[in-house]
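Have a look at the structure below before the remarks.
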Amino acid sequence: MKILLAQINTIVGALEHNTRIIIETIRKARTQNIDLVVFPELTITGYPPKDLVEKKWFVEKNVHQLEAITPETEGIGAIVGYLAPNPTAEGKGTFNSAALLCDKSISSVHHKSLLPTYDVFDEARYFDPAPSVTPALFRGKRLGISICEDIWNDQLHWGRRLYKRDPVLELTEQRVDLMINISASPFTLGKRQIKHDMFSQIARRHQVPLVHTNLVGGNDSLIFDGWSNVFNRRGEIVAQGRDFQEDLLLYDTDQTTGEHHPTTAGGMERLYQALCLGLRDYVRKCGFKRVVIGLSGGIDSSLVALLAVEALGRENVVGTFMPSRFTSEQSTKDAAELASRLGIEYCVIPIEPIFTSYLESLSEHFRDKPFDVTEENIQARIRGNILMALSNKFGYLVLSTGNKSELAMGYCTLYGDMVGGLAVISDVPKTTVYELTTYVNRDREIIPASVLTKPPSAELRKNQKDEDSLPPYPVLDPIIKAYVEDRKGVEDIVAMGFERSFIENIIKCIDSNEYKRQQAPPGLKVTSKAFGYGWRMPIAKGI
Numbered sequence: 207m208k209i210l211l212a213q214i215n216t217i218v219g220a221l222e223h224n225t226r227i228i229i230e231t232i233r234k235a236r237t238q239n240i241d242l243v244v245f246p247e248l249t250i251t252g253y254p255p256k257d258l259v260e261k262k263w264f265v266e267k268n269v270h271q272l273e274a275i276t277p278e279t280e281g282i283g284a285i286v287g288y289l290a291p292n293p294t295a296e297g298k299g300t301f302n303s304a305a306l307l308c309d310k311s312i313s314s315v316h317h318k319s320l321l322p323t324y325d326v327f328d329e330a331r332y333f334d335p336a337p338s339v340t341p342a343l344f345r346g347k348r349l350g351i352s353i354c355e356d357i358w359n360d361q362l363h364w365g366r367r368l369y370k371r372d373p374v375l376e377l378t379e380q381r382v383d384l385m386i387n388i389s390a391s392p393f394t395l396g397k398r399q400i401k402h403d404m405f406s407q408i409a410r411r412h413q414v415p416l417v418h419t420n421l422v423g424g425n426d427s428l429i430f431d432g433w434s435n436v437f438n439r440r441g442e443i444v445a446q447g448r449d450f451q452e453d454l455l456l457y458d459t460d461q462t463t464g465e466h467h468p469t470t471a472g473g474m475e476r477l478y479q480a481l482c483l484g485l486r487d488y489v490r491k492c493g494f495k496r497v498v499i500g501l502s503g504g505i506d507s508s509l510v511a512l513l514a515v516e517a518l519g520r521e522n523v524v525g526t527f528m529p530s531r532f533t534s535e536q537s538t539k540d541a542a543e544l545a546s547r548l549g550i551e552y553c554v555i556p557i558e559p560i561f562t563s564y565l566e567s568l569s570e571h572f573r574d575k576p577f578d579v580t581e582e583n584i585q586a587r588i589r590g591n592i593l594m595a596l597s598n599k600f601g602y603l604v605l606s607t608g609n610k611s612e613l614a615m616g617y618c619t620l621y622g623d624m625v626g627g628l629a630v631i632s633d634v635p636k637t638t639v640y641e642l643t644t645y646v647n648r649d650r651e652i653i654p655a656s657v658l659t660k661p662p663s664a665e666l667r668k669n670q671k672d673e674d675s676l677p678p679y680p681v682l683d684p685i686i687k688a689y690v691e692d693r694k695g696v697e698d699i700v701a702m703g704f705e706r707s708f709i710e711n712i713i714k715c716i717d718s719n720e721y722k723r724q725q726a727p728p729g730l731k732v733t734s735k736a737f738g739y740g741w742r743m744p745i746a747k748g749i
């Protein structure tokens with residue numbers, strides 16, 4: 207049997223668009239004598255559909271789309287993810303399901319059993335769990351069809367399981383010839399190896415080949431990296447799809463082998479490709495064409511500009527430099543040099559006259575008050591207003607340039623440098639920003655070397671440096687990771703070799719700036735715990 211893993215990029219809610227891609231793929235597969243096409247999770251609706259699931263008309267329309275796909279399966283099979291209504295009188299009323307279509311009919315339907323409710327997932331809010339699982343029959347084979355999380359509960363791999371059930375074990379106990387998992391598993395750094403080890407162990411444990419088709423593309427904050435694959439019963443990869451782009455991957459069950467397509471090589475390359483994909487799809491799927499970035503001559507805005515050029519093309523990126531009395535000559539040179547190297551449209555809008563006007567207007571009210579963070583924030587907010595004015599006038603999407611370290615510590619200005627439609631590197635710590643910039647400069651210097659070597663500064667007062675307000679980033683970032691991503695408490699972090707009072711102050715700063723983060727633009731998630739809707743902390747709290 208020839209199986210085609212159809213790693214496609216869907217758009218949430220674009221039912222007709224997604225259906226058209228499904229039908230085109232099935233038709234193409236038929237010309238190649240494919241027996242079965244396997245699509246990702248919730249293929250028709252896109253993932254995650256969130257509260258669209260609660261709209262009855264949306265669920266009904268997605269069923270109609272499935273019915274439109276069914277006649278296209280003459281002489282071929284297809285496994286398609288969709289929303290299946292729950293006909294019983296109890297529960298939420300909807301399943302996250304996979305339909306096996308073949309010979310112009312719906313052969314069987316299989317519901318997702320395990321509904322994740324951690325981090326960015328909230329599936330129990332919308333779906334009912336499968337009451338049971340049974341194999342599907344296709345071309346004389348017994349297929350064990352599971353959906354994403356269903357395969358993430360292997361007791362031998364995890365030790366402590368999240369769920370009482372193991373749908374994969376339930377299916378293999380019913381004797382299946384092939385395990386098929388359709389997935390929408392988001393990318394995070396380090397997850398690739400986890401998936402490899404888990405899938406390999408499952409295939410070996412149950413002595414059954416595992417076919418895994420994963421979604422690719424960006425949807426809001428989530429990035430799906432594809433990397434669809436097939437593991438044989440020895441746990442070896444025998445077919446592997448590309449990552450961070452659409453792909454069609456062929457696997458032959460008779461030959462027990464398939465195609466091997468090239469993939470990214472390491473962490474920084476994957477992070478770079480993930481950010482480009484997430485940025486490209488956010489802009490495209492939200493209906494924008496061009497973006498504007500406030501260039502400061504610093505490393506963060508330089509990296510965001512480079513990512514934007516890679517994702518969207520230089521003709522669709524506008525860099526805006528907004529100097530003040532505190533802007534250094536080096537930053538002025540660096541911003542202009544970067545724009546020239548990237549070949550982007552570049553404009554200079556000085557903010558000094560506007561800043562002076564602010565100071566004059568407030569002079570009576572601020573009499574005898576020293577220059578402090580107030581005046582610093584005024585400069586940031588002037589720049590934010592200019593960027594939003596350009597956005598309104600020309601239809602640009604503003605990309606904010608703050609990193610995870612700044613966002614964690616509140617080292618950012620509401621309605622200033624936090625304005626924007628997408629926070630591209632808000633889940634990238636400052637130290638990783640430097641690593642990523644070194645990676646992109648590996649073959650030739652794109653971002654000026656001086657950007658990497660000069661001390662980071664917001665340049666909102668004379669001789670300002672980030673370390674005037676923050677610990678050195680190599681010290682700070684491991685603490686942020688321990689507290690935010692690893693969920694460690696004070697005692698555990700102190701045991702890492704830090705002073706208690708030092709750690710308590712950092713944690714207090716992270717906690718007290720939640721009000722800022724909840725007003726920030728959405729960011730691209732690339733770590734195991736990003737600020738955003740996967741980080742659900744109260745603003746007003748007594749700890």
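For the sequence shown, this note's numbering puts the final residue at 749, and the numbers step up evenly by one.
Idealized CB from N, CA, C, for every residue including glycine.
Remark: C-beta atoms of P246 and T470 do not approach each other more closely than 8 Å. A residue is called buried once 16 or more other Cβ atoms fall within 10 Å of its Cβ, and I749, having fewer, is exposed. For L210, DSSP records a beta bridge to V243, L456. When DSSP states are grouped into helix, strand and coil, V524 belongs to the strand group.
I429 carries a strand assignment under DSSP once its states are collapsed to helix, strand and coil. Taken atom to atom, the span from the alpha-carbon of L210 to that of M743 is near 42 Å. Sixteen is the threshold: since fewer than 16 other Cβ atoms of the shown chains lie within 10 Å of the Cβ of S656, the residue is exposed.
K298 and Y332 have their C-alpha atoms spaced approximately 6 Å apart. The C-beta distance from G447 to H467 rounds to 5 Å, short enough to fall under 8 Å.
The beta-bridge partner set that DSSP reports for D449 consists of G432. Taking all protein chains in view, the Cβ of W358 is crowded by 16 or more other Cβ atoms within 10 Å, so the residue is classified as buried.
Annotation for P291: the continuous beta strand (DSSP E) segment containing it runs 283-291. Listed in chain order, the non-local C-beta contacts of F494 below 8 Å within the same chain comprise G601, Y602, L603, G627, local neighbours out to five positions each way being set aside. In this structure, the alpha-carbon of D426 lies about 20 Å from that of E691. A check of alpha carbon separations from Y739 across L428, G608, I232 identifies L428 as the nearest. Within the same chain, Cβ atoms closer than 7 Å to the Cβ of G473 are found at L395, the five residues on either side in sequence being excluded. S530 sits in coil when the DSSP states are folded into three classes, being neither helix nor strand. Within the same chain, Cβ atoms closer than 6 Å to the Cβ of R236 are found at I282, the five residues on either side in sequence being excluded. Checking the DSSP bridge columns, you'll see I351 partnered with I386. Counting along the chain, the unbroken alpha helix (DSSP H) around F405 starts and ends at 397-412. Distances from the alpha-carbon of I443 to those of G703, L455, T733 put L455 closest.
Looking at the backbone, the Cα of M207 and that of N292 are separated by about 32 Å.
Between K668 and F532, the alpha-carbon positions lie close to 6 Å from each other. By the C-beta criterion, the stretch 717-731 is judged not to be in contact with the stretch 293-312, since fewer than 3 inter-stretch pairs fall below 8 Å. Unbroken beta strand (DSSP E) stretches of 3 residues or longer found wholly inside the stretch 486-568: 497-501, 523-527, 551-554, given in chain order. Contact between L509 and I388 is absent: CB atoms are separated by about 35 Å, not below the 8 Å threshold.
Non-local beta-carbon contacts of L501 in its own chain, meaning distances under 8 Å to residues more than five positions away in sequence, involve S507, S508, A511, G525, T526, F527, A541, L544, A545, Y552 in chain order. Residue environment analysis places N302 among the buried positions, since at least 16 neighbouring C-beta atoms fall within 10 angstroms of its C-beta. Under DSSP, G729 shares a beta bridge with A629. The C-alpha of L384 is placed about 45 Å away from the C-alpha of L605. Nearest neighbour of H316 by Cα position, chosen from A330, Y324, P341, turns out to be P341.
By the Cβ-count criterion, H223 is exposed, with fewer than 16 other Cβ atoms from all chains shown falling within 10 Å of its own Cβ.
With fewer than 16 other CB atoms across the displayed protein chains lying within 10 angstroms of its CB, V579 is exposed. In the same chain as G252, and ignoring 5 residues on each side of it, the C-beta atoms closer than 8 Å to its own belong to T216, I217, V218, G219, A220, N224, N425, in chain order. The bridge partners DSSP lists for L307 are A284, I312. Nearest to Y621 by alpha-carbon distance, out of D574, Q670, Y721, E710, is Y721.
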